[in-house]
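Take the working numbering: the final residue in the sequence shown is number 230, and no numbers are missing along the way.
Please read the structure below before turning to the comments.
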Amino acid sequence: MSISNRAAPFLVLLLVVLALTGTDRAHDVITTKLTYSREISRIFLNRCAGCHGPGASIDLSSYRQVRPWAVDVKEQVLSRQMPPWGAVKGFGNLSPDHALSEEEILMVAAWVVGGAPEGDPKLLPKESEAAAPVASDEKIHQDLVAESRLRLPAPLSVIGIRPLPVAPVESARVTARLPSGEIVPLVWLYRFDATQIRNFTFRDPLPLPAGTVVESSAPLRFALLERRD
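This is how it looks when you write it as structure tokens:
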């Protein structure tokens with residue numbers, strides 16, 4: 002009986018050590034070939050560095066900073082809350098388009114589920130690989146600010162749209178209906194934050210003839226942008 006009493010604390014300690022060892026091994030299990038250094042860092046550099054670079058509350062610029070947030074990042078990416086672009090990818094010919102592609106979303110999710118490995122730091126991207134910022138050269142014509150719908154009185158070459166909502170936008174598709182009846186998709190706002198000041202610019206200027214109706218599928222104040230002379 003006395004031997005059992007003396008052995009009890011040792012057995013408890015042994016069980017604790019084994020449990021901790023098992024937990025560490027579970028965390029070290031890697032089931033993906035995707036790595037932070039080779040693939041994920043490039044996604045973060047081009048899509049997230051503007052808001053999540055060095056000094057940000059959530060820094061995604063290094064593996065050491067990213068790893069503790071990996072699961073949260075996955076959830077935010079899958080719900081399309083990160084990056085907070087506010088528009089549906091593929092609707093309208095936008096450039097730049099900061100929304101993650103389906104492939105990028107799946108890569109981030111698979112990397113996290115697979116153990117979020119770091120990989121070889123020698124494969125990290127150089128700063129020169131980051132997408133270059135696009136110069137802004139547009140201006141708002143106050144007579145082309147619309148309350149959900151606007152008929153163009155004259156031809157106009159539009160380079161983008163600036164949403165001017167007074168409340169968060171859950172979903173609003175903005176299109177241009179040409180006099181011929183053709184419908185041109187411009188931008189589809191989705192979970193757009195009304196506090197954001199953002200221009201959605203087109204890859205190429207869009208010539209719209211007189212009589213074109215630009216309208217939103219939901220109540221939305223917006224402005225058409227034209228290139229500065």
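Think of the CB as a built atom: it goes at the ideal place given N, C-alpha and C, for glycine as much as any other residue.
Since the model is a prediction, treat every value here as computed from it, not as a measurement.
Outcome for Y64 when other beta-carbon atoms lying within 10 angstroms are tallied against a minimum of 16 = Per the 10 Å Cβ criterion, buried.
key: Cβ-Cβ separation, V109 to V74 (assumed contact under 8 angstroms), whole Å   = Rounded to the nearest angstrom, the Cβ distance from V74 to V109 is 7 angstroms, consistent with a contact under 8 angstroms.
task = Go to R163, then tell me how far its beta strand (DSSP E) extends in each direction, as first and last residue.
result = Per DSSP, R163 belongs to the beta strand (DSSP E) from L157 to P164.
task = Helix, strand or coil for R152, going by three-state DSSP, please let me know.
result = It is a strand residue.
task = Tell me, please, which residues DSSP counts as bridged to L236.
result = Residue 236 lies beyond the stretch modelled for the chain, which goes from 2 to 230, so this question has no answer here.
message = Give me the residue from L157, P156, R163 and A155 with the minimum Cα distance to A147.
response = Just measuring C-alpha positions, the residue of L157, P156, R163 and A155 sitting nearest A147 is R163.
message = Contact between the stretch 155-173 and the stretch 189-204 is defined here as three or more beta-carbon pairs at a separation below 8 angstroms; is this criterion met?
response = Flag = yes, the stretch 155-173 and the stretch 189-204 touch.
query = Cβ atoms of S42 and L125: under 7 angstroms apart, would you say?
reply = By the CB criterion at 7 angstroms, L125 and S42 fall inside the cutoff.
request  = Work out the CA separation of L145 and P180 for me, nearest whole Å.
outcome  = One C-alpha to the other measures close to 18 angstroms.
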